[in-house]
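Q:
Number of protein chains: 2
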Amino acid sequence: MSSGKILVAQGGGPTAVINQSLAGIVLEARRFRDVRLVYGARHGVRGIVDEDFVDLTRETSHNLEAVAATPGAALGSTRDKPDLAYCQEIFKVLRAHGIEHFFYIGGNDSADTVRIVSEQAAAAGYPLRAVHVPKTIDNDLVGNDHTPGFPSAARFVAQSFAGANLDNAALPGVYIGVVMGRHAGFLTAASALGKKFPDDGPHLIYVPERPFVIERFLADVKSTYERLGRCVVAVSEGVHDGSGTPILAQLAKSAEHDAHGNVQLSGTGALADLLCEEIKGKLGIKRVRGDTFGYLQRSFIGCVSDVDQREAREVGEKAVQFAFWGDCDGSVAIRRTGFYSADFVLQRLQDVAGRTRTMEDEFIAPSGTDVTDAFRLYLRPLLGSGMPDAFRLRMAPVAKAAGGGCD
Amino acid sequence: MSSGKILVAQGGGPTAVINQSLAGIVLEARRFRDVRLVYGARHGVRGIVDEDFVDLTRETSHNLEAVAATPGAALGSTRDKPDLAYCQEIFKVLRAHGIEHFFYIGGNDSADTVRIVSEQAAAAGYPLRAVHVPKTIDNDLVGNDHTPGFPSAARFVAQSFAGANLDNAALPGVYIGVVMGRHAGFLTAASALGKKFPDDGPHLIYVPERPFVIERFLADVKSTYERLGRCVVAVSEGVHDGSGTPILAQLAKSAEHDAHGNVQLSGTGALADLLCEEIKGKLGIKRVRGDTFGYLQRSFIGCVSDVDQREAREVGEKAVQFAFWGDCDGSVAIRRTGFYSADFVLQRLQDVAGRTRTMEDEFIAPSGTDVTDAFRLYLRPLLGSGMPDAFRLRMAPVAKAAGGGCD
Chain A
-2 MSSGKILVAQ
8 GGGPTAVINQ
18 SLAGIVLEAR
28 RFRDVRLVYG
38 ARHGVRGIVD
48 EDFVDLTRET
58 SHNLEAVAAT
68 PGAALGSTRD
78 KPDLAYCQEI
88 FKVLRAHGIE
98 HFFYIGGNDS
108 ADTVRIVSEQ
118 AAAAGYPLRA
128 VHVPKTIDND
138 LVGNDHTPGF
148 PSAARFVAQS
158 FAGANLDNAA
168 LPGVYIGVVM
178 GRHAGFLTAA
188 SALGKKFPDD
198 GPHLIYVPER
208 PFVIERFLAD
218 VKSTYERLGR
228 CVVAVSEGVH
238 DGSGTPILAQ
248 LAKSAEHDAH
258 GNVQLSGTGA
268 LADLLCEEIK
278 GKLGIKRVRG
288 DTFGYLQRSF
298 IGCVSDVDQR
308 EAREVGEKAV
318 QFAFWGDCDG
328 SVAIRRTGFY
338 SADFVLQRLQ
348 DVAGRTRTME
358 DEFIAPSGTD
368 VTDAFRLYLR
378 PLLGSGMPDA
388 FRLRMAPVAK
398 AAGGGCD
Chain B
-2 MSSGKILVAQ
8 GGGPTAVINQ
18 SLAGIVLEAR
28 RFRDVRLVYG
38 ARHGVRGIVD
48 EDFVDLTRET
58 SHNLEAVAAT
68 PGAALGSTRD
78 KPDLAYCQEI
88 FKVLRAHGIE
98 HFFYIGGNDS
108 ADTVRIVSEQ
118 AAAAGYPLRA
128 VHVPKTIDND
138 LVGNDHTPGF
148 PSAARFVAQS
158 FAGANLDNAA
168 LPGVYIGVVM
178 GRHAGFLTAA
188 SALGKKFPDD
198 GPHLIYVPER
208 PFVIERFLAD
218 VKSTYERLGR
228 CVVAVSEGVH
238 DGSGTPILAQ
248 LAKSAEHDAH
258 GNVQLSGTGA
268 LADLLCEEIK
278 GKLGIKRVRG
288 DTFGYLQRSF
298 IGCVSDVDQR
308 EAREVGEKAV
318 QFAFWGDCDG
328 SVAIRRTGFY
338 SADFVLQRLQ
348 DVAGRTRTME
358 DEFIAPSGTD
368 VTDAFRLYLR
378 PLLGSGMPDA
388 FRLRMAPVAK
398 AAGGGCD
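Line by line, the protein sequences are chains A and B. When you number the first sequence by our numbering, it's gap-free, plus one each residue, and the end is 404. When you number the second sequence by our numbering, it's gap-free, plus one each residue, and the end is 404.
#1: Which of the three DSSP states, helix, strand or coil, is assigned to A/Lys283?
#2: Please give the ranges of any beta strand (DSSP E) in the region 197 to 230 of chain A, keeping only runs that are unbroken, at least 3 residues long and fully inside the region.
#3: Do you know offhand how far A/Ala20's Cα is from A/Arg126's?
#4: Are the C-beta of A/His200 and some C-beta of chain B separated by less than 9 Å?
#5: Along the alpha helix (DSSP H) that carries B/Val154, what are the first and last residues, could you check?
#6: Can you find the residues in the same chain that come closer than 6 Å, C-beta to C-beta, to A/Leu17, ignoring five residues on each side of it along the sequence?
#7: Starting from A/Cys300, find everything on chain B with Cβ-Cβ shorter than 7 Å and list it in chain order.
#8: Under 7 Å Cβ-Cβ, which residues of chain B neighbour A/Ala110?
#9: Measure the CB-CB distance between A/Phe50 and A/His94 and report whether it falls below 9 Å.
#10: Name the DSSP bridge partner or partners of A/Lys89?
#11: According to DSSP, simplified to helix, strand and coil, what is B/Ser18?
#12: Does the beta-carbon of A/Arg224 have 16 or more other beta-carbons within 10 angstroms, so that it is buried, or is it exposed?
#13: Since I believe A/Gly174 is in contact with A/Phe158 (beta carbons under 8 Å), could you give me their beta-carbon distance rounded to a whole number of angstroms?
#14: I need the boundaries of the alpha helix (DSSP H) containing B/Tyr172, first residue and last residue.
#15: In chain order, what are the residue ranges of uninterrupted alpha helix (DSSP H) at least 4 long that sit wholly in the region 339 to 394 of chain B?
#16: Hey, out of A/Glu116, A/Arg389 and A/Val5, whose CA is closest to A/Leu439's CA?
#17: Do you know how far the Cα of A/Val395 is from the Cα of B/Arg389?
#18: Using a cut-off of 7 Å between C-beta atoms, extract the partners of B/Asn60 located in chain A.
#19: Helix, strand or coil: which one does DSSP assign to A/Phe29?
#20: For B/Ser(-1), which residues from the same chain have a beta carbon less than 6 Å from its beta carbon, with the 5 sequence-adjacent residues on both sides left out?
#21: Alpha carbon to alpha carbon, how far is A/Val23 from A/Ser58? Give it in angstroms, no decimals.
#22: What residue does the beta strand (DSSP E) around B/His180 start on, and which one ends it?
#23: Taking the alpha-carbon positions, what's the A/Leu409 to A/Ile45 distance?
#24: Starting from A/Phe50, find everything on chain B with Cβ-Cβ shorter than 7 Å and list it in chain order.
#25: Just how far apart, CA to CA, sit B/Arg333 and B/Thr144?
#26: Using the Cα positions of A/Met392 and B/Leu53, report the straight-line distance between them to the nearest angstrom.
#27: Can you tell me whether A/Ala216 is buried or exposed, with buried defined as 16 or more other CB within 10 angstroms of its CB?
#28: Within its chain, find whatever has a CB closer than 6 Å to the CB of A/Gly103; leave out the 5 residues flanking it on each side and keep chain order.
#29: For the region 45 to 94 of chain A, list the alpha helix (DSSP H) runs that are entirely contained and at least 4 residues long, ordered along the chain.
#30: Do you know offhand how far A/Asp386's Cα is from A/Phe99's?
#31: Quick check on A/Ala267: buried or exposed, where buried means 16 or more other Cβ atoms within 10 Å of its Cβ?
#32: Quick check: the region 310 to 329 of chain A against the region 161 to 172 of chain A, are at least 3 beta-carbon pairs closer than 8 Å?
#33: Output, in chain order, the set of chain A residues within a Cβ distance shorter than 7 Å of B/Ser157.
#34: What did DSSP end up calling B/Lys397 once you bin it into helix, strand or coil?
#35: Take every Cβ of the region 333 to 343 of chain B, pair it with every Cβ of the region 354 to 362 of chain B, and state whether three or more of those distances are shorter than 8 Å.
#36: Drop a sphere of 10 angstroms on the beta-carbon of B/Ala13, count the other beta-carbons inside from all chains shown, and report buried for 16 or more, exposed for fewer.
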């Protein structure tokens, strides 16, 4: 007989739909007669070791629905990446509270945490069912067609570039937009979905899957600018040279490192500024502007894909079903079953934990600065309904007065 | 008898709704039997002196409506600020084409251009009616309750901070968002409309109307961070010290100047990065992130206020009515007539041209780092319908297991 106590927590960077997964878990769990109490840990694994729990059983369904539609991580998140000792602490607290079901919503680091805790419980003979629920705007979880959070962030990036392209067409020059993504270029590649007409930007797209050579970058910008009189560029924050050194790290005087030993790439406009300086200095182009999309792309409150919302809700619901009806721990994954429909499976934790998916070769054009139609077909349905569209005047020319006039 | 030829052009920074004004002028003009041809100049006054005209009479109404709903300046824009000789060129071209009605959509520089051209025509005894149509996300035109373009940009800023606040609450630290606005803080102040709960950010708002003292800024951040464990800050790109020197200029090695002699403030992340470094270095806070909203805030394709769309359309329509039914040149202005409704008047060009409105004292809290309720009442109806809302879990606490447990 189960203790009837389950625990849910959220880890890593918040997304526009991570609260959908939270609501999916809580509401679905409360439909199981075995479930007596649904706890939430505040600020991820940190809240578990601190025993900072809230009783989600006391939330109204109505408020849970409202929270589900709110971006950010409603329980709070953490950047802690637990090691073995940390996971032992987690397990100790779960056991002390008699929690027998643990759901952790997060990326591949969170999957790794669930894997270790699951192993702890098995070794101790404690009846814990631990399920990882996928979430990341980077879209870098293996075994998933895509991950909840990515479609909404991609929608933001596509709409941003659709607008930046219009702005750049009105006041021509070079525009660089720097997009999140340390190792995976999916989100940067989403900028291509902002294009409508053949001469629309982004004209150049740089993803971390291809080495970034500054001389080639300058040549690409120059040739586009000479051809169109303007150039819109999408660059991933994680672009690096052939040796794997981030372009940003090459210039950063005092690069900040996080708990995972990574250089801080987000929350600074340095990469965009550097690239703009290179273009001004070496190509002599005067109007060069750079924006770093930063936290807006994962937190903006008004830009959510309805497909993403639905799926984020379902991975939460399915996690509960797998936990109560299945017989093993795992990680919920999204599989594509039609154009467009999706279904959900439970992957083994070790197949996801700590691993990183990057863009498949078939999604990157041979030029290395564009996406393929395969990528457009892959991404378009995920962006959801109601994508805004851009229209142009047809621009019927008028003869000059000196030339005799047109009338 | 009029020549039946009118000309319309767009100047300055594009907005989300400047094409509404364009459509308003073209569609309204075509309802006047005196109007035979509607020309558009490409890239503002630059397109006039270059005689780079398109025949907007050939546009379908259907496409004009689609273009109206598209952000950016569909005719193209320019940063040229014409002097007397430039305006003489403009007038020469208007006369050569027999254009007798000139509509220029733009900010206070554009109003000044219309003023000079109007004076040229009067001095030459040429029958020109010239009308300036207001547009600027800075909201800095005198004699206007607000300006078309500002409400949509304000909506973007409010939604950005609503989301940034949620993100910051999930992963606490200091977050700085740098917002456009060289002299007027309206757009930065709009960040306050992203707040819902009393402890929501932005906790500190810095507008150019108040001198920015770095020591006081650091003290403000420190005290907020100590009180809430986090701090969200909105800073105008134009903040300056007591002597009027931009904070950014104090640190910029090679500041770029535009044709108006102004330092380039947008299209660089330098100010946000500088302020973040100050906080990390002097307050010892570890997680400090800065975003520069940059061009996203004026070009994003999915964030438009319906009130703004409607009014931008109407200032265009009214410009045509004033031109054909009135007897003097001028600048269309928005006046508030209810909570909420607006009406339109024609101001004298010299009352708007080249002048800059800044935030009224009644809109800025005595602390200098917040807005007043008067500002909230002023701005809220302009943001339009369908503003997304943020909800929270109610967070019923659970007793620690070591403390005896709650059940």
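The beta-carbon is built from N, C-alpha and C at its ideal position, and this holds for glycine as well.
A: Short version:
#1: Translated into the one-based positions of the first sequence, residue 283 of chain A becomes position 286. Note: A/Lys283 maps to coil in three-state DSSP.
#2: 201 to 203
#3: Mapped onto the first sequence, residue 20 of chain A falls at position 23. Mapped onto the first sequence, residue 126 of chain A falls at position 129. Using only the alpha carbons, I get a separation of about 19 Å.
#4: Counted from its first residue, the first sequence places residue 200 of chain A at position 203. Chain B contact via Cβ: absent.
#5: Counting from one through the second sequence, the residue named residue 154 of chain B turns up at place 157. Start and end: Phe147 to Ala167.
#6: To locate residue 17 of chain A, count along the first sequence from 1; it is residue 20. Sequence inspection shows Gln at residue 17 of chain A; the Leu mentioned does not correspond to that position. Ala65, Gln306, Ala309 and Arg310, listed in sequence order.
#7: If you number the first sequence from 1, residue 300 of chain A lands on position 303. Those within 7 Å of A/Cys300 in chain B are Gly299.
#8: Numbered from 1 along the first sequence, position 113 holds the residue referred to as residue 110 of chain A. Inspection of the sequence shows that residue 110 of chain A is occupied by Thr rather than by Ala. Residues of chain B passing the Cβ test: none, with the nearest at roughly 16 Å.
#9: Position 53 of the first sequence, counted from the start, is the residue given in the question as residue 50 of chain A. Position 97 of the first sequence, counted from the start, is the residue given in the question as residue 94 of chain A. Yes, the Cβ-Cβ distance between A/Phe50 and A/His94 is below 9 Å.
#10: Taking the first residue of the first sequence as 1, we reach residue 89 of chain A at position 92. Bridge partners of A/Lys89: none, in fact.
#11: For the purposes of this step, residue 18 of chain B is taken as residue 21 along the second sequence, with counting starting at 1. Helix, per DSSP.
#12: Within the first sequence, numbered from 1, the residue matching residue 224 of chain A stands at position 227. Under this definition A/Arg224 is an exposed residue.
#13: Position 161 of the first sequence, counted from the first residue, corresponds to residue 158 of chain A. Position 177 of the first sequence, counted from the first residue, corresponds to residue 174 of chain A. Indeed they touch by this definition, with Cβ atoms about 6 Å apart.
#14: Counted from its first residue, the second sequence places residue 172 of chain B at position 175. Where B/Tyr172 is concerned, there is no enclosing alpha helix (DSSP H), although the beta strand (DSSP E) it sits in stretches over Val171 to Val176.
#15: 346 to 349 and 370 to 376
#16: Beyond the ends of chain A as shown, which are -2 and 404, falls residue 439 of chain A; an answer cannot be given.
#17: Residue mapping note: residue 389 of chain B aligns to position 392 of the second sequence, counting from 1. Residue mapping note: residue 395 of chain A aligns to position 398 of the first sequence, counting from 1. Approximately 58 Å, taken between the alpha carbons.
#18: Residue numbering aside, residue 60 of chain B sits at position 63 when the second sequence is read from its first letter. By Cβ distance, chain A contributes Phe388 and Arg391.
#19: The residue given as residue 29 of chain A occupies position 32 in the first sequence. A/Phe29 falls in the coil class under three-state DSSP.
#20: Within the second sequence, the letter at position 2 stands for residue -1 of chain B. So the qualifying residues of the chain are Asp31 and Glu97.
#21: For the purposes of this step, residue 58 of chain A is identified with residue 61 of the first sequence, where counting begins at 1. For the purposes of this step, residue 23 of chain A is identified with residue 26 of the first sequence, where counting begins at 1. Going by the C-alpha atoms only, they are around 9 Å apart.
#22: Here residue 180 of chain B refers to the residue found at position 183 of the second sequence. No beta strand (DSSP E) contains B/His180, which DSSP labels as neither H nor E.
#23: Here chain A covers residues -2 to 404 and nothing more, so residue 409 of chain A does not appear.
#24: Looking up residue 50 of chain A in the first sequence gives position 53. Within chain B, the residues near A/Phe50 are Val395.
#25: Within the second sequence, the letter at position 336 stands for residue 333 of chain B. Within the second sequence, the letter at position 147 stands for residue 144 of chain B. Between B/Arg333 and B/Thr144, the C-alpha separation is close to 11 Å.
#26: For the purposes of this step, residue 392 of chain A is taken as the residue at position 395 of the first sequence. For the purposes of this step, residue 53 of chain B is taken as the residue at position 56 of the second sequence. Distance between the alpha carbons of A/Met392 and B/Leu53 is about 7 Å.
#27: In the first sequence, the residue the question calls residue 216 of chain A occupies position 219. Counting Cβ neighbours within 10 Å, A/Ala216 comes out exposed, since fewer than 16 surround it.
#28: Along the first sequence, read from residue 1 onward, the residue named residue 103 of chain A stands at position 106. Excluding residues within five positions, the ones whose Cβ falls inside 6 Å are Gly8, Gly9 and Lys132.
#29: 58 to 65 and 81 to 93
#30: The count along the first sequence starts at 1 and reaches residue 386 of chain A at position 389. The count along the first sequence starts at 1 and reaches residue 99 of chain A at position 102. Their Cα atoms are separated by approximately 43 Å.
#31: In the first sequence, the residue the question calls residue 267 of chain A occupies position 270. Result: buried.
#32: no
#33: By 1-based counting over the second sequence, the position of residue 157 of chain B is 160. Going along chain A in sequence order, the residues near B/Ser157 (Cβ under 7 Å) are Leu293 and Phe297.
#34: The count along the second sequence starts at 1 and reaches residue 397 of chain B at position 400. Three-state DSSP puts B/Lys397 in coil, outside helix and strand.
#35: no
#36: Stepping through the second sequence from its first residue, residue 13 of chain B is reached at position 16. Counting Cβ neighbours within 10 Å, B/Ala13 comes out buried, since at least 16 surround it.
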